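Undergrad:
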């Protein structure tokens, strides 16, 4: 594979992976208009905004296993096509139940895109450092998409909320690019043809029961839940006394988190992984998350909150892609795409469960409670992973 071909494949996968955040990024700016037109209460409107998370969590591993049998590119292209169909279908409905159905189906297609794009990425980049950098670039792209897609949706939906939903059609040219630039490796056909037989399925289940894999899956889920809770609570906190930030300032602070995440994932993650190793790098990321979460409730100046949000983004940009790198490192090559697909599902499951996991804290009269709870959780997770890694290293050396 020439360098130009590999670069083209990477760009296609990055574009496809960015769509993972589009379901929520497109509907949120126009959710108020949908709520008014459909005459929904706050609960039902919230369900429309978050319904896809559960389906992404469910279908990422399912379609990952299917892709290992029928081909990763086939699943990616098919998911991209269905993504456009189910996404744009939201413009044709005028009541809650049909809209909810389109959101659930859109989530299923998103699960296929997320699993297949990450699985193909793991196949292309076999070396640990290269894989860490590629996953970091994917994380950066998603962070930037979290800024760009809501802006585009807001602009298109300013006159009519249905117009924003046509953004889902961006998956069609990406599907064409995937067909032209990506192909499943023929040498893996024989191996993958029997992937779902009892022996191979037992290997997958055994790998997923590995204590190290379970630890990374658990901390990935809790990290995702903490990040979702933090961003949600931060937007509320910025409106309270004595901050009382206006909407543009709130948007800037929230966007700065994504910018910090994108910057470190693209330019710093490879160096940290090479210098310290994957697990210590995760520990560094959790340390930065802890500091940021402690700083937020102790800052009342928008400038200080901006710095805290950037620091939070940097920590998140280290922790999440490094988790995927760690999962790939401890997994046999033939099972890496499937384990990463499960990891993708776990990430979205964390976002879906976040309101339940942090529900009691959200209902607290003190909005700062969420930040302190997240800080304690981040510190504990980082300490757990680093100590477990050191204990394993001592056992191997003895």
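Numbering (my numbering), first residue to last: -3 to 394. Cβ atoms here follow ideal geometry from the backbone N, Cα and C, with glycine treated the same way. Given the structure is predicted, the values throughout are model-derived calculations rather than measurements.
Does the contact criterion of 3 or more C-beta pairs under 8 Å hold for the stretch 364 to 371 versus the stretch 275 to 282?
TA: no
Undergrad: I'd like to know if residue 123 contacts chain B, where contact means its C-beta is closer than 8 Å to some C-beta of that chain.
TA: The structure shown contains no chain B; it holds only a single protein chain.
Undergrad: Output the residue ranges of the alpha helix (DSSP H) runs that lie fully inside the stretch 195 to 275 and measure 4 residues or longer, sorted by chain position.
TA: 207 to 233, 243 to 263, 265 to 272
Undergrad: Going by DSSP, what residue range makes up the alpha helix (DSSP H) through residue 316?
TA: 298 to 325
Undergrad: For residue 57, name the three-state secondary structure that DSSP assigns.
TA: Residue state, collapsed to three classes: helix.
Undergrad: What alpha helix (DSSP H) runs, 4 residues minimum, are completely inside the stretch 90 to 133?
TA: 92 to 120
Undergrad: Along the chain, where does the alpha helix (DSSP H) that runs through residue 74 open and close?
TA: 68 to 84
Undergrad: Distance, Cα to Cα, residue 23 vs residue 388?
TA: 45 Å
Undergrad: With H, G and I counted as helix, E and B as strand and the rest as coil, what does DSSP make of residue 364?
TA: coil
Undergrad: Once you ignore the five residues that flank residue 249 on each side, which residues in its own chain have a CB closer than 6 Å to its CB?
TA: 301, 302, 305
Undergrad: In whole angstroms, what separates the C-alpha of residue 324 from that of residue 37?
TA: 43 Å
Undergrad: Among 312, 19, 269, which one has its Cα closest to the Cα of residue 287?
TA: 312
Undergrad: Verify whether the separation of the beta carbon atoms of residue 203 and residue 331 is less than 8 Å.
TA: yes
Undergrad: Label residue 127 either buried or exposed according to how many other C-beta atoms from any shown protein chain fall within 10 Å of its C-beta, with 16 as the threshold for buried.
TA: buried
Undergrad: Tell me whether residue 295 sits in a helix, a strand or coil according to DSSP, three-state version.
TA: coil
Undergrad: According to DSSP, simplified to helix, strand and coil, what is residue 179?
TA: coil
Undergrad: Just to confirm, are residue 317 and residue 132 a CB contact at a threshold of 8 Å?
TA: yes
Undergrad: Within this structure, are the beta carbons of residue 44 and residue 3 separated by less than 8 Å?
TA: no
Undergrad: Nearest to residue 176 by alpha carbon, out of 348, 6, 108, 377?
TA: The alpha carbon of residue 176 has as its nearest neighbour, out of 348, 6, 108, 377, the alpha carbon of 6.
Undergrad: Near residue 1, what residues of its chain come up, given a Cβ to Cβ distance below 8 Å and the 5 sequence neighbours on each side ignored?
TA: 177
Undergrad: For residue 232, count neighbouring C-beta atoms within 10 Å of its own C-beta (all shown protein chains included) and say buried if the count is 16 or more, exposed if not.
TA: exposed
Undergrad: Would you kindly work out how many angstroms separate the C-alpha atoms of residue 241 and residue 105, rounded to a whole number?
TA: 37 Å
Undergrad: Would you identify the three-state DSSP class for residue 381, choosing helix, strand or coil?
TA: Three-state DSSP puts residue 381 in a helix.
Undergrad: Could you say if the stretch 55 to 73 and the stretch 106 to 116 meet the contact criterion of at least three C-beta pairs nearer than 8 Å?
TA: yes
Undergrad: Looking only at its own chain, which residues have a Cβ that is under 8 Å from the Cβ of residue 136, when we skip the five neighbours before and after it?
TA: 257, 258, 259, 261, 262, 313
Undergrad: From 295, 338, 138, pick the residue whose C-alpha is nearest to that of residue 17; which is it?
TA: 138
Undergrad: What are the start and end residues of the alpha helix (DSSP H) that includes residue 338?
TA: Per DSSP, residue 338 belongs to the alpha helix (DSSP H) from 332 to 353.
Undergrad: Please list, in chain order, all residues of the same chain as residue 56 whose beta carbon is under 6 Å from its beta carbon, the five residues on each side excluded.
TA: 107, 110, 111, 337, 340, 341
Undergrad: Whole angstroms is fine: what's the gap from residue 381's alpha carbon to residue 211's?
TA: 8 Å
Undergrad: What is the rounded straight-line gap between the Cα of residue 28 and the Cα of residue 272?
TA: 46 Å
Undergrad: Rounding to the nearest angstrom, what Cα-Cα distance links residue 296 and residue 230 in this structure?
TA: C-alpha separation (whole angstroms): 12 Å.
Undergrad: Do the CB positions of residue 54 and residue 79 come within less than 8 Å of each other?
TA: no
Undergrad: Taking C-alpha atoms, which residue in 130, 327, 8 lies nearest to residue 201?
TA: Each of 130, 327, 8 was checked against the Cα of residue 201, and the nearest Cα belongs to 327.
Undergrad: How big is the Cα-Cα spacing for residue 140 and residue 377?
TA: 26 Å
Undergrad: From residue 125 to residue 75, what distance separates their C-alpha atoms?
TA: 29 Å
Undergrad: Counting only the same chain and skipping the five closest in sequence on each side, list residues whose C-beta sits under 7 Å from that of residue 353.
TA: 221
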